[in-house]
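Chains as they are written, first to last, in our numbering: chain U, 13 to 236; chain S, 13 to 236.
Written out as structure tokens, the structure reads:
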């Protein structure tokens, strides 16, 4: 226990018109720790930009460094060029289960999602690009950046990074059993939740891996 | 074998400026069967709309009926109201594995994704809404719509459905081991893929389920 023990209550992200839930407000969460935990558990972000007048949503790798979210891709990447110095929306969703009701209407899914809105900043500083590159590898498997070759200046030149401050963001969470209409509960039917999670199967070494090579410790028992 | 056996080759979705890949074209796929298989395997779509001038991307349940994709939500749902009769983008991503290179730069993920662009149509016909409702339940677990109470006219009134034709769509797929720079292959390091998949844990019955109730057959051995 420290004097800061209660400070977590203060660390909420201020809601805005676009992050405040209009309905089912009990599902919304603005604690920074909740938002960060979901971002750190996810692997794929869905990044939205406006291209001309139409929306474009593409899956991308991402990583969080403190209060900044990074996405990256090849310099020629059209979405990143469109999103650079413009409004983007980054959404990360963790699917936790199927919610199986006794009625079609009340079927649902359990999930935890985060939406981050803001103006993306094109990263131009090589040191910041390096930090983001490392974070992207660490985000896949903690400890792997030390076990692999760092990025070169030439590779950094080929890569576009966008930085998005995690300042306008919210989480949305659904947990628990299905809602039901009382009239549907008369029967003997099964209702409940089928929990889902991302599972790793056995790692598959490539053809360049010597037969004697051991699986690195950071991949042993990998889970999310 | 039938006379139609080769007709699949013809069933491709014509590429457009926004579905044609600008780079790494070998990862793009336009066969309707490939696009449909990915859509049918996924559970969550990330739906993008333009709200004013900024992009909004939210996770939603969805289902495919023939060549139409349906998303739905409460009548008050802001994203659906924004997307109704406007341009939307629906993206579905299946994460298949971590691609673990010997260099930071070549780390990647194996995945299959589909992007569908188009103008959403607000569904107003009750029979079409009913068909979409049924498809949404079947999409979670095949056979479940017959085992549960159908949607009522009152429930349909509370629900907004958007229909999106699967006419402008493409798949993008990455498979296989990491790309590597030859100079990185001198060592004894482990490189390869960590396969990932969505796994179901044991179903959790809710408090209204009689102890004697059996798990319905459509949930036994559920997998995706």
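C-beta: ideal position from N, C-alpha, C; glycine also.
*In its own chain, which residues sit with a C-beta less than 6 angstroms from the C-beta of residue 3 of chain S, not counting the 5 before and 5 after it?*
No information on residue 3 of chain S is available, as it lies outside the stretch 13 to 236 that chain S covers here.
*Residue interval of the alpha helix (DSSP H) (run including residue 115 of chain U)*: No alpha helix (DSSP H) holds residue 115 of chain U; DSSP gives it neither H nor E.
*asked:* So if I threshold CB-CB distances at 9 angstroms, which residues from the segment 206–222 of chain S count as touching chain U?
replied: Listed in sequence order: 206, 207, 208, 209, 210, 211, 212, 213, 214, 215, 216, 217, 218, 219, 220, 221 and 222.
*In whole angstroms, what separates the C-alpha of residue 144 of chain U from that of residue 58 of chain S?*
25 angstroms
*So is residue 92 of chain S in contact with chain U if we call contact Cβ pairs under 7 angstroms?*
False, the Cβ-Cβ gap to chain U never drops below 7 angstroms.
*At which residues does the beta strand (DSSP E) containing residue 83 of chain U begin and terminate?*
80–86
_Within-7 angstroms CB hit, residue 114 of chain U to chain S_ = yes
*Enumerate, from N- to C-terminal direction, the unbroken beta strand (DSSP E) stretches of 3 or more residues contained entirely within the segment 152–214 of chain S.*
171–177, 180–186 and 204–212
_I'd like the list of long-range same chain contacts for residue 124 of chain U, defined as Cβ closer than 7 angstroms, with 5 residues on each side in sequence excluded._
These residues qualify, in order along the chain: 50, 106, 108, 183 and 185.
*asked:* By the DSSP assignment, the beta strand (DSSP E) with residue 60 of chain S in it spans what residues?
replied: 56–63
_Residue-chain proximity (residue 28 of chain U, chain S), Cβ-Cβ < 7 angstroms_ = no
*Where residue 202 of chain U and residue 113 of chain U are concerned, what is the direct C-alpha to C-alpha distance, given to the nearest angstrom?*
8 angstroms
*Given a threshold of 16 other Cβ atoms within 10 Å of its Cβ, counted over all protein chains shown, does residue 146 of chain U qualify as buried or as exposed?*
buried
_Does the segment 145–160 of chain U come into contact with the segment 83–102 of chain S, if we say contact requires no fewer than three beta-carbon pairs (one atom in each stretch) closer than 8 angstroms?_
no
*Report buried or exposed for residue 174 of chain S, applying the criterion of at least 16 other Cβ atoms within 10 angstroms of its Cβ.*
buried
*Start and end of the alpha helix (DSSP H) containing residue 66 of chain U?*
It is not in any alpha helix (DSSP H) - residue 66 of chain U instead sits in the beta strand (DSSP E) that spans 66–77.
*asked:* Going by C-alpha to C-alpha distance, which of S/172, S/180 and S/142 sits closest to residue 162 of chain S?
replied: Taking only the C-alpha atoms, the option nearest residue 162 of chain S is S/142.
*asked:* Spatial neighbours of residue 231 of chain S within its chain, please: C-beta separation below 7 angstroms, excluding the five flanking residues on both sides.
replied: For residue 231 of chain S, where only same-chain residues beyond five positions count, the Cβ hits under 7 angstroms are 153 and 215.
*Between the beta-carbon of residue 115 of chain U and the beta-carbon of residue 196 of chain U, is there less than 7 angstroms?*
yes
*residue 92 of chain S versus residue 156 of chain S: straight-line alpha-carbon distance, rounded*: Rounded to whole angstroms, the separation of the alpha carbons of residue 156 of chain S and residue 92 of chain S is 26 angstroms.
*Under the rule that 16 or more other beta-carbon atoms within 10 Å means buried, what is residue 229 of chain U, buried or exposed?*
exposed
*CB-CB under 7 angstroms to residue 30 of chain S, same chain, minus the five flanking residues each way: which ones, in chain order?*
129
*asked:* Against chain U, which members of the segment 163–175 of chain S pass a CB distance test of less than 7 angstroms?
replied: 163 and 167
_Three-state secondary structure (DSSP) of residue 106 of chain U_ = strand
*asked:* Spatial neighbours of residue 18 of chain U within its chain, please: C-beta separation below 8 angstroms, excluding the five flanking residues on both sides.
replied: Its pLDDT being 42, under 50, residue 18 of chain U is placed unreliably by the model, and the measurement read from it follows with that caveat. Answer for residue 18 of chain U: no residue qualifies.
*Between residue 35 of chain U and residue 71 of chain S, what straight-line distance do the alpha-carbon atoms span, to the nearest angstrom?*
Note on geometry: alpha-carbon atoms of residue 35 of chain U and residue 71 of chain S lie some 15 angstroms from one another.
*From the DSSP output, read off the bridge partner residues of residue 134 of chain S.*
Secondary-structure assignment with DSSP links residue 134 of chain S through a beta bridge to S/174.
*Apart from the five residues on each side of it in sequence, which residues of its chain come closer than 7 angstroms, Cβ to Cβ, to residue 104 of chain U?*
50, 51, 54, 57, 125 and 126
_Opposing strand residues paired with residue 46 of chain U [DSSP bridges]_ = Paired residues: none, contrary to the question.
_Which of helix, strand or coil DSSP assigns to residue 235 of chain S_ = coil
*State the beta-bridge partners of residue 7 of chain U as determined by DSSP.*
No answer is possible for residue 7 of chain U: the residues shown for chain U start at 13 and end at 236.
*Can you pull the chain U residues whose beta carbon is under 9 angstroms from the beta carbon of residue 180 of chain S, in chain order?*
Ordered by position in chain U, no residue passes the 9 angstroms Cβ test against residue 180 of chain S, which lies about 10 angstroms from the chain.
*Go through its chain and collect everything with a Cβ distance to residue 101 of chain S's Cβ below 6 angstroms, but skip five positions before and after it.*
Same-chain partners within the cutoff: 60 and 129.
*Please go through the same chain and pick out, in chain order, the residues whose beta-carbon is closer than 7 angstroms to the beta-carbon of residue 42 of chain S, but skip the five residues on each side of it.*
24, 25, 27 and 182
*Cβ of residue 196 of chain S less than 7 angstroms from any chain U Cβ?*
yes
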